[in-house]
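Under my numbering, the first residue of the sequence shown is numbered 483, with each subsequent residue one higher. Ideal Cβ positions, reconstructed from N, Cα and C, are used throughout, including at glycine. Just so we're clear, the structure is a prediction, and the values are computed from it rather than from any experiment.
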Amino acid sequence: MTAVSATAAVAARLPARRYLIALALAVWAAGWALLRGHDTLALGGAELTPLHSALSEAMDAIDDSRNTNPLFLYFINYIRLFLDEAVTFVQHLISQPSMGRPVPVLGWLGVTGLATAVALLYGNRKVALLTAAGFLSFGALGLWQESMDTLALTLTAVALSLAVGIPLGVWAGLSDRFHRVVTPVLDFMQTMPTFVYLAPLTLFFLIGPASATVATMIYAVPPAIRITAHGIRQVSADTLEAGSSLGATPAQALRHVRLPMAKQTIIVGVNQTIMAALSMATIAALIDAPGLGQTVLKALQTLDVGTAFNAGLAIVIMAVVLDRVTSAASRRVEAERRAGRTRTVRGRRLEVAGVLGVAGVLAYLSYTYVWAAEFPIAANAGSYVRRAADAASQWVQDSLVTYTDALKNLVSNQLLNRLEALLTGSPWWLVTVVAVVLVLLVGSVRAALVTAAGLLLLVLLGLWQDSMVTLASTIVATVLVMLLGVVAGVWIGRSDRADTVLRPVLDAGQTMPAFVYLVPILGLFGATRFTAIIAAVVFAAPVAIKLVAEGIRGVSSTTVEAATSAGASTWQLISKVQLPMARSAVTLAASQGLIYVLSMVVVGGLVGAGALGYDVVAGFSQHQLRGKGLAAGLAIVVLGIVLDRVMRAATQRADVAAHGGQHHK
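Here it is, written out as structure tokens:
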């Protein structure tokens, strides 16, 4: 009886809460109309606050003490030197002239031969042919050296990430206590916008390969730890007990039972680490990382669609090749385990010797002869690709300009401009008060306190107006993400055929480096705020779609059959049964979509978004704006924390209300 009364009370409060939310929004609108332009804390692009100047001075002081401070002299400088030398060593092997030679140690023929040999030994013939074609395409696109620079940085970061991640993953798999400690750290590393920690890294490791390697490792280590720990933990208890009964010590059980049984899962972790590292290696071009990212970045800055597409195509090819090789290795390990390794050791040794022998001959030729070291200029088709991309971009712009402009104007004028005017035109204290009240109504007291603290911190950082501009774009992009997420997610969740067709597209959207799909978007819409919003939607929508689809699939088939037998139409089934029962998945999709959108803020700054994204980018390129760029990075983190806590609190409150309503029924 008490539970029913409490549920009824919750249900009775819902309409009242809606009225209070409407009242708060009405007060905000009235305050904006009366006080527009007052206390908006506007700050020009080149203007600095005392805090920004103090941060710049602190960064200058750190730079000046680089050769006197013991922390730098005996620790950080050695790490930077090691990382720089590690990347440079691999570059000298495959991409840069070395040892007094005008060419690297291994030229295009040797690198292609070794890569194909690895794919054949650990994968299969089909993957080996794909690998050979992929590496040859780097030269055919006229980007052999840039591609090898990217590969050198990626391989170095992956090797170091695995050297750190696999042991920590094993530890997390064996120890529940360590697993509990490391999980929130990994969550933070994966959800924090990658661009935010680029500026602090350059402060300690300078601009160049060392900073790029550390930034790549921050992004690539978490999947190595998580998936390794999962592989160790999924080994069955019966298998471990059998080993213990035979007298195996814990160390022996780890070497001879856990690690062999988890081998396939660990290779999956290697795959995810490689993909994460490749994605970050291109983004790290902002801090002077060598390779294809530099080419794409310069092309974006000059709006050279053809050059950006050409380099982006090389990045996609490299991602596909690395993904297929590691995926094939995982499948081969599992197939051999199930087959009981029927091939003889002698047969395997002969295969390895033959493949490596051929690869060795090709490597020798590339070391000895210039024709096998420098990719033939006559085979360079990059200029044709660039011209074709430029022509296609121009044709699309000319043919679709009416539709793209209509879409851009609709979103910009009806959504973005109005929301931005409300946020930036209202006094900062009014926005803060209204935001805290709204969070109290839809979330919790704790979330309201976090909101108040976060908004006040934005004021102290001196970037209130830029933060509000970024917030407006983030909200609009998240709304578009959820529209796509619900429509496509419901479709995929209800149709296996749609899942088969769209799943590869969603996977490509998640794994493709952001710079790549900026190119066609930039060609369609130009360098505007709307371009940044569309880029964020492309990045975040796959996650939201997948989560909504999983939620729809999770609805009990019995419930769906009962609703269908009761005469519910397809629309009624979706709106009255499946979406309400998948509420938690939909709200999780909104939360994750928002975080993914926010992580694209700095990329948006490269293509016309302005605000915090531009401040961070300017901080890299203009010395006097370093402090402001660092403050902008902190502001992005603050926005992310506030929005994440608000979404979580709103989700929990919605779940409580939904469960209360179901109990009442």
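As assigned by DSSP and simplified to three states, the class of residue i
i	result
T884	helix
N891	helix
A439	In the structure as shown, the chain starts at 483 and stops at 1147, and residue 439 therefore has no counterpart that could be examined.
A634	helix
E529	coil
R737	helix
L623	coil
D770	coil
G1036	coil
R518	coil
P858	coil
Y851	coil
S875	helix
T1010	coil
A1048	coil
S727	helix
M1129	helix
V640	helix
V1089	coil
Residue interval of the alpha helix (DSSP H) (run including residue i)
i	result
H534	P532 to D546
Y1078	R1065 to L1080
G1095	A1093 to S1103
N899	N899 to G907
D948	W946 to R976
S693	P691 to R715
F686	L680 to F687
A917	W910 to V924
G936	V927 to L942
Selection from the options that minimises the alpha carbon distance to residue i
i	options	result
T632	V787, Y501, W877 and V778	V778
I765	L736, L635, V803 and S1057	L635
V927	F571, R1130, L685 and Q578	R1130
L904	Q578, A504 and L517	L517
F916	A524, E856, S693 and L505	Reading off the sequence shown, one finds Val at residue 916, where the question assumed Phe. Answer by Cα proximity: L505.
N549	L688, I797 and G925	L688
G624	Y604, A641 and G773	G773
G651	L736, T1041 and A855	L736
V834	K745, L602 and G1033	L602
G1109	G526, A540 and L502	A540
V969	R813, A681 and S1057	S1057
A711	Q896, T886, V696 and V664	V664
V600	A841, Q1104, A801 and A654	A841
T598	A759, V717, V837 and Q573	V837
A568	L680, A641 and M762	A641
V1068	V987, L1112, V1119 and T960	T960
I1077	D521, L953 and T695	L953
R843	G589, A1113 and G1115	According to the sequence provided, residue 843 is Val. The question's Arg does not apply to it. The candidate whose alpha carbon is nearest that of V843 is G589.
Exposure label - residue i; buried when at least 16 CB within 10 Å
i	result
K608	exposed
Y1096	buried
R562	buried
F686	buried
G519	exposed
V1085	buried
Q1074	buried
A1048	exposed
P1024	buried
K1147	Any reading at K1147 is ruled out, since the residue's pLDDT is 47, under 50, leaving its predicted position unreliable.
A935	exposed
R1127	buried
D786	buried
E628	buried
A488	Confidence at A488 is low in this model, with a pLDDT of 45, below 50, so the placement of that residue should be treated as unreliable; the coordinate-derived value is given next. So A488 ends up on the exposed side.
M581	exposed
V807	buried
W626	buried
R1011	buried
Y701	buried
G526	exposed
Within-8 Å CB hit, residue i to chain D
i	result
P1062	Judged by its chain identifiers, the structure shown contains no chain D, having just a single protein chain.
Quick check on the DSSP output: what are the complete alpha helix (DSSP H) runs of length 4 or more inside the region 538-615, in order along the chain?
559-576 and 590-604
Just to confirm the assignment: which complete alpha helix (DSSP H) runs, minimum length 4, are found wholly within the region 770-818?
774-783
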